[in-house]
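Please read the structure below before turning to the comments.
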Amino acid sequence: MKGNMWPINGASKAKRILWGSPQNQISWAFMKQLREKDKTRKVYDCNPYIEVYQFRDNMYGLFNQNCDGAGDVWMYLIIGPEKAMLIDTAFGLGDMKALVDEITGGMPVIVVNTHSHFDHAYGNCRFERAYCHEYEAPIIEKQNEHMWDYLFDENGNNIWLEFDKNDLPKFKKYEVIGVPDGHIFNLGGGYEVELIWLGGHAPGMAGYLDKKNRIIFMGDDLCSDVSGVASGPRPGAVNGQYQNLTVFRNNLAKLVARMDEYDYVFPSHFIVNLENSVLADELETCDAILKNPEDFDYEQENVMGTGEKRTRRFKYIKGFSVLAYTMQGLYPPEE
Numbered sequence: 301m302k303g304n305m306w307p308i309n310g311a312s313k314a315k316r317i318l319w320g321s322p323q324n325q326i327s328w329a330f331m332k333q334l335r336e337k338d339k340t341r342k343v344y345d346c347n348p349y350i351e352v353y354q355f356r357d358n359m360y361g362l363f364n365q366n367c368d369g370a371g372d373v374w375m376y377l378i379i380g381p382e383k384a385m386l387i388d389t390a391f392g393l394g395d396m397k398a399l400v401d402e403i404t405g406g407m408p409v410i411v412v413n414t415h416s417h418f419d420h421a422y423g424n425c426r427f428e429r430a431y432c433h434e435y436e437a438p439i440i441e442k443q444n445e446h447m448w449d450y451l452f453d454e455n456g457n458n459i460w461l462e463f464d465k466n467d468l469p470k471f472k473k474y475e476v477i478g479v480p481d482g483h484i485f486n487l488g489g490g491y492e493v494e495l496i497w498l499g500g501h502a503p504g505m506a507g508y509l510d511k512k513n514r515i516i517f518m519g520d521d522l523c524s525d526v527s528g529v530a531s532g533p534r535p536g537a538v539n540g541q542y543q544n545l546t547v548f549r550n551n552l553a554k555l556v557a558r559m560d561e562y563d564y565v566f567p568s569h570f571i572v573n574l575e576n577s578v579l580a581d582e583l584e585t586c587d588a589i590l591k592n593p594e595d596f597d598y599e600q601e602n603v604m605g606t607g608e609k610r611t612r613r614f615k616y617i618k619g620f621s622v623l624a625y626t627m628q629g630l631y632p633p634e635e
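Take 301 as the starting number for the sequence shown in the numbering used here and just add one per residue.
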């Protein structure tokens with residue numbers, strides 16, 4: 301029988317029903333080995349949906365199966381001397397607040413988002429406030445009690461992932477704080493994490509530079525499956541002028557120039573703990589695409605959420621995966 305994303309025997313209570321697009325073999329193999337064999341894996345009784353992995357002495361990866369069939373997602377928890385930082389909140393499945401409190405011993409926690417997409421920010425309402433780059437704030441502020449409805453069919457049955465519907469959050473308003481590029485979060489004792497604006501995948505896509513651990517958390521602007529940094533904005537998108545390859549490339553170049561400040565890269569999906577040189581390779585691919593968008597490795601036609609058909613092109617990132625782009629997602633709109 302032909303294998304295509306055979307089940308991974310992880311420890312999460314949630315079970316996969318249906319996938320969207322299949323992941324590539326490398327990402328799937330990495331996740332299978334990690335989820336089935338990693339000795340640091342732990343699931344807490346307060347939230348049986350989240351698999352917790354210890355990547356550094358004070359940094360944990362919180363693995364959440366994607367509730368809508370897209371790529372499974374990482375959240376990250378950094379424990380500083382006085383405060384903790386939670387990077388992203390996924391769909392909010394299970395008691396995320398209780399889980400964070402148990403791991404940290406009840407420390408104050410700063411919640412930040414890489415960007416506004418559902419698999420990264422729908423759990424924010426488990427907390428009192430969340431920080432993000434200022435270009436994402438107006439998007440996150442539009443969240444409401446119906447944002448999880450699409451996870452269920454007309455009969456109320458789960459479509460992609462089996463879980464108890466009652467374990468999703470009960471939506472409540474919370475404070476959304478947009479901050480500028482370069483904003484410093486202090487976790488106490490001089491422990492600094494810097495927000496670095498990237499753009500590309502989302503207008504306010506932000507990386508977070510953990511200066512002590514020398515790690516850059518890249519959100520969805522780097523991915524071992526597909527780095528989707530240049531799909532372009534939907535019509536009328538808020539701050540959509542920053543959702544393109546040119547903006548991302550320019551910000552990535554600044555980040556690559558700071559490579560002496562970080563050693564490892566942690567994306568929000570699939571393979572993590574990558575060496576910093578992967579960002580220089582991604583920059584090289586960005587430059588090649590902008591120089592000649594017709595020189596791609598392969599392409600496929602996609603139907604957008606609006607029903608619009610777009611041709612998506614793919615170009616390899618040396619020694620890694622692929623970067624996806626559309627012709628509409630290459631450049632900022634003309635004034």
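Glycine included, C-beta positions come from ideal geometry on N, C-alpha and C.
As the structure is a prediction and not an experimental result, all values here were calculated from the model.
In the three-state DSSP reduction, Y598 falls in the strand class (E or B). Going by beta carbons, V412 and A384 fall outside the 8 Å limit.
Nearest Cα to G489 within the set N366, G380, G629: G380. Burial is judged here by how many other beta carbons sit within 10 angstroms of a residue's own beta carbon; W306 has fewer than 16 and is exposed. Taking C-alpha positions only, K472 is separated from C425 by approximately 6 Å. Under the three-state reduction of DSSP, V538 is assigned to coil, being neither helix nor strand. Counted as a single uninterrupted DSSP element, the stretch harbouring R549 is not any beta strand (DSSP E) but the alpha helix (DSSP H) occupying residues 545-556.
Taken atom to atom, the span from the alpha-carbon of L461 to that of C346 is near 20 Å. Where A421 is concerned, there is no enclosing beta strand (DSSP E), although the alpha helix (DSSP H) around it starts and stops at 418-421. Inside the region 495-532, DSSP marks whole beta strand (DSSP E) runs of 3 or more residues at positions 506-510, 515-519, 526-530, from first to last along the chain.
Rounded to the nearest angstrom, the gap between the Cα atoms of I350 and Y344 is 8 Å. Between L552 and L579, the C-beta gap is smaller than 8 Å, which places the two residues in contact.
Inter-segment contact for the region 531-538 and the region 475-488 is absent: fewer than three beta-carbon pairs are separated by less than 8 Å.
Put simply, the backbone Cα of Y360 is about 42 Å away from that of E634.
Within its own chain, the residues whose Cβ lies closer than 6 Å to the Cβ of D520, once the five positions on either side in sequence are excluded, are H501, S568, listed in chain order.
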